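Notes follow once the structure below has been shown.
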Amino acid sequence: MKRVSVYLFRDNLASYLNEVTKTGETIIVEKYKKPIAIINPPKKKLVKKNNFERFFGFLKTKEKNETGEEFVNRVRRNANERKYMENLRKGIT
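Residue numbers (this note's numbering): 1 to 93.
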């Protein structure tokens, strides 16, 4: 474990973070010789490869051949809904 003052850590943040990821060594950040933070390397990979569908799954279309324009038209509000939302914003119920 390496101990470093908060001021040195602040001034050299990028190099200390690189050191933690490359060597796997823990760094203890101290202020007035009292530990205030512990910097550990990640235990596992932070990003999974198959997260694309998890984050963008809502963009899947019901029909496989639906174009972007057809998708927009399907989810776009009609005139009555737009008028209702405008009235809500104005405070008119």
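Note that the Cβ used here is the ideal one computed from N, Cα and C, for glycine as well.
Predicted, not measured: the structure shown is a model, and the values here were computed from it.
Let's test the definition: count the other Cβ atoms within 10 Å of the Cβ of residue i and tell me whether it reaches 16, buried, or not, exposed.
i             : result
valine 6      : exposed
isoleucine 27 : buried
valine 72     : exposed
valine 29     : buried
May I ask you to list the residues that DSSP assigns as paired with residue i?
i            : result
glutamate 30 : Ser5 and Pro35
How many Å lie between residue i and residue j at the Cα?
i             : j             : result
aspartate 103 : isoleucine 39 : Lying before the first or after the last residue shown, residue 103 is absent from the chain, which here runs from 1 to 93.
lysine 43     : lysine 34     : 25 Å
lysine 31     : leucine 13    : 15 Å
alanine 79    : glutamate 86  : 11 Å
threonine 102 : glycine 68    : Limits of the chain in this structure are 1 at one end and 93 at the other, which puts residue 102 out of reach.
leucine 88    : arginine 74   : 23 Å
isoleucine 36 : leucine 8     : 14 Å
lysine 83     : asparagine 65 : 31 Å
glutamate 25  : arginine 77   : 54 Å
Grab the span of the alpha helix (DSSP H) containing residue i for me, first residue to last.
i            : result
arginine 178 : Outside the modelled stretch of the chain, which goes from 1 to 93, sits residue 178, for which no answer is possible.
glutamate 22 : Per the sequence shown, residue 22 should be read as lysine rather than glutamate. 13 to 23 is the extent of the alpha helix (DSSP H) around lysine 22.
glutamate 66 : Careful: glutamate 66 lies outside any alpha helix (DSSP H) and carries neither H nor E.
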